[in-house]
């Protein structure tokens with residue numbers, strides 16, 4: 004029996020996934036959590052063979068939660084079929100990446116294959132990830148650009164991130180230049196569309 008832990012912030016989605024996987028004779032959902040910051044504790048408590056993580060969750064995103072696990076086999080299960088997210092997932096050491104519009108049988112098969120030690124990634128998304136290239140933004144440029152999308156002035160962003168106004172301007176200017184954008188809103192849209200934020 005393959006023991007599975009589900010982590011998704013949408014309760015209905017989590018319950019539906021548990022019901023679908025529960026129909027498989029060799030799969031058992033041993034635990035469910037709705038926040039990314041609950042994943043490590045649930046892994047210690049339930050000792051799953053495979054962890055299914057959504058990307059967007061409160062507390063801690065799924066990619067950060069995956070990066071914090073050591074030795075567990077992790078599949079990212081998400082609505083975000085973006086090349087940048089796939090690349091970040093691979094950097095976090097996940098074993099698989101499945102988009103939520105996959106058929107139930109494909110998800111069950113991915114769980115089995117990852118449990119057997121294989122890596123499972125969508126071919127089209129993998130090809131798109133390779134052609135999109137690596138994320139050109141530094142971690143701090145991503146932080147500043149993400150904070151800028153939440154609104155406010157340069158001074159507001161600087162206060163939130165404990166930086167000077169000039170440093171925020173420099174990071175934004177660098178990010179805008181790297182993305183070939185005209186302004187921070189355009190840069191944020193470009194980075195988000197590729198999964199780089």
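In this note's numbering, the protein residues as written are 4 to 200. C-beta atoms are modelled at their ideal positions from N, C-alpha and C, and glycine is treated no differently.
Residue range of the beta strand (DSSP E) that residue i falls in?
i, result
"residue 36", "30 to 36"
"residue 79", "76 to 81"
"residue 6", "5 to 10"
"residue 66", "First-last for residue 66: 65 to 70, but that is the alpha helix (DSSP H), not the beta strand (DSSP E)."
"residue 55", "53 to 56"
With a CB to CB cut of under 6 angstroms and the five nearest residues on each side skipped, what residues in its chain are close to residue i?
i, result
"residue 95", "66, 69 and 70"
"residue 169", "none"
"residue 11", "17 and 57"
"residue 81", "57 and 58"
For the alpha helix (DSSP H) that residue i lies in, which residues bound it at each end?
i, result
"residue 157", "157 to 164"
"residue 108", "107 to 118"
"residue 148", "142 to 152"
"residue 187", "187 to 196"
So what does DSSP say about residue i, is it helix, strand or coil?
i, result
"residue 45", "helix"
"residue 237", "Nothing about residue 237 can be reported from this structure: the residues present for the chain run from 4 to 200 only."
"residue 182", "helix"
"residue 20", "helix"
"residue 26", "coil"
Spatial neighbours of residue i within its chain, please: C-beta separation below 8 angstroms, excluding the five flanking residues on both sides.
i, result
"residue 5", "29, 30, 31, 52, 53, 114, 115 and 118"
"residue 137", "90"
"residue 164", "146, 147, 150 and 171"
"residue 237", "In this structure the chain extends from 4 to 200, so residue 237 is not present and cannot be described."
Count the other CB atoms, across all protein chains shown, that sit within 10 Å of the CB of residue i; report buried if there are 16 or more and exposed otherwise.
i, result
"residue 98", "buried"
"residue 187", "buried"
"residue 15", "exposed"
"residue 110", "buried"
"residue 100", "buried"
"residue 153", "exposed"
"residue 121", "exposed"
"residue 180", "exposed"
"residue 2", "The structure shown has nothing for residue 2, since the chain only spans 4 to 200."
"residue 189", "exposed"
"residue 194", "buried"
Keeping to the same chain, check which residues put their C-beta closer than 7 angstroms to that of residue i; ignore five residues upstream and five downstream.
i, result
"residue 160", "147, 150, 151 and 171"
"residue 45", "8, 34 and 36"
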